[in-house]
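Okay, so here's the structure we're looking at.
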């Protein structure tokens, strides 16, 4: 059985999955397996958002829609989809990055140690 050739979009999604996994490599194995679905969804959304952005840049944010004898201007369907998806993408990314271990807070120096060590 021959391997199916990946579409350009599938190749981009695969690259994005790899990028996200590199970012999230510090996750414990159980958290990483839990995050797997979110990683795939985030990758799909990021690639799709870029496609939508390209469509908006090429065709504009406003569409002209025929209404019998006249036409009306309306928000492009690509804009509507983009606006909805960017919110979902942001939420998924927040969920993913909240899984990362929290960095210990940096200890702010009050200058006392520097003062003592300089003496």
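Numbering (the working numbering), first residue to last: 784 to 902.
Ideal Cβ positions, reconstructed from N, Cα and C, are used throughout, including at glycine.
Mind checking residue 853: buried by the 16 CB within 10 Å criterion, or exposed?
-> exposed
Rounded to whole angstroms, what's the CA-CA distance from residue 804 to residue 822? Just pull it up for me.
-> 8 angstroms
Counting only the same chain and skipping the five closest in sequence on each side, list residues whose C-beta sits under 8 angstroms from that of residue 825.
-> 799, 803, 872, 875, 876, 879
Sorted by chain position, which residues of the same chain lie with C-beta nearer than 8 angstroms to residue 883's C-beta, five sequence neighbours on each side aside?
-> 807, 809, 810
Based on the DSSP output, what are the partners of residue 829 in its beta bridges?
-> Looking at the DSSP assignment, residue 829 forms no beta bridge with any residue, so it has no partner.
Residue from 857, 851, 835 whose Cα sits closest to the Cα of residue 864 | 835
Residue 847, DSSP secondary structure in three states | strand
Distance, residue 858 Cα to residue 814 Cα = 40 angstroms
State yes or no: is the C-beta of residue 845 within less than 8 angstroms of the C-beta of residue 795?
-> no
On a CA-only basis, which of 860, 851, 832, 855 is nearest residue 843? Give me that one, please.
-> 860
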